[in-house]
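Numbering (my numbering), first residue to last: 1458 to 1777.
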């Protein structure tokens, strides 16, 4: 629990820092884009605006996820962060569509001039800002835990199941980095070859493709959680093997594993045992090992006396 609180506080600090820096540089890019008459720079600023909103939503979601359980919300507010990440992705897609439409109008009308020097300076500052942001995101990632404990399977699982919102924030930063590099290239091209000013709206199309590529995996993770799919980092076969090997367990059935969030899994299972008098010890062992060694956050175990009908459970055979 202490470690979980520390991770959440670190995530909040990262999001607050990202939000503050995003706001400051967004204002600088808006001014630079207007002065340069550059759609690409304004696009970059719009992307930062979307990121700014995304960070704010993610921050609120992390705060909500810390609220205790209630009669209505039995699992607490864990999925608030998933909804926050979903809103972030949808906002980015909406912004991309709007900017593509504006870029098409500019290409068709072809009546614009670019102040390439201002565009180059602004894009250069943007690239520097995003390189710095990317370096900060990498140093704060859970990858360092995996390096320190390469043989700790549970540490690796936790490192691989990072908060969806922190992942989303990191993806935004990487997207901004690549986009700024493309804008800098376009501004340099326009500076030396002014007739290539069409490169400015073309950057918007590149950005749109980038958005789809960088948010697809996040959207897949969100879909998995909302559909209560099995977590990608939990090995069902390994869990079945462990449960079957517990002394006194004759059969397991009705095993269900689902995602509460991108980093928290829940599990429920029925254990058919030969001697119900040993039930408390068996349940204690199962719950302890599932939480400690299999990274399951919420475990429900139901015990029952073994009989032959358990082995003919139709629902269980479907899951295999």
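Even glycine gets a Cβ: it sits at the ideal position worked out from N, Cα and C.
task = Please report how far the alpha carbon of residue 1536 lies from the alpha carbon of residue 1717, in whole angstroms.
result = 7 Å
Helix, strand or coil at residue 1717 according to DSSP, with G and I counted as helix = In the structure shown, residue 1717 adopts coil according to DSSP, grouped into three states.
key: Contact check, residue 1760 vs residue 1730, beta carbons under 8 Å   = yes
query = Since residue 1708 sits in a beta bridge, which residues does DSSP pair it with?
reply = 1729
ask   = Since residue 1573 contacts residue 1647 with CB under 8 Å, what's their CB separation in whole angstroms?
value = 4 Å
ask   = Within this structure, are the beta carbons of residue 1510 and residue 1548 separated by less than 8 Å?
value = yes
inquiry  = Please return the same chain residues whose Cβ sits closer than 7 Å to the Cβ of residue 1635, not counting the five positions on each side in sequence.
reply    = 1667
ask   = Touch check for the stretch 1694 to 1709 and the stretch 1745 to 1759: three-plus C-beta pairs under 8 Å?
value = yes
message = So residue 1556 and residue 1661 are supposed to be a Cβ contact under 8 Å. How far apart are they, rounded?
response = 5 Å
query = alpha helix (DSSP H) containing residue 1761: first to last residue?
reply = Looking at the DSSP string, residue 1761 is not in any alpha helix (DSSP H); the run it does join, the beta strand (DSSP E), is 1755 to 1762.
query = If you draw a straight line from the alpha carbon of residue 1558 to that of residue 1565, how long is it in whole angstroms?
reply = 11 Å
query = For residue 1502, which option in 1515, 1512, 1484 and 1493 has the closest C-alpha, if you only look at C-alpha atoms?
reply = 1484
task = Mark residue 1658 as exposed unless 16 or more other C-beta atoms lie within 10 angstroms of its C-beta, in which case mark it buried.
result = buried
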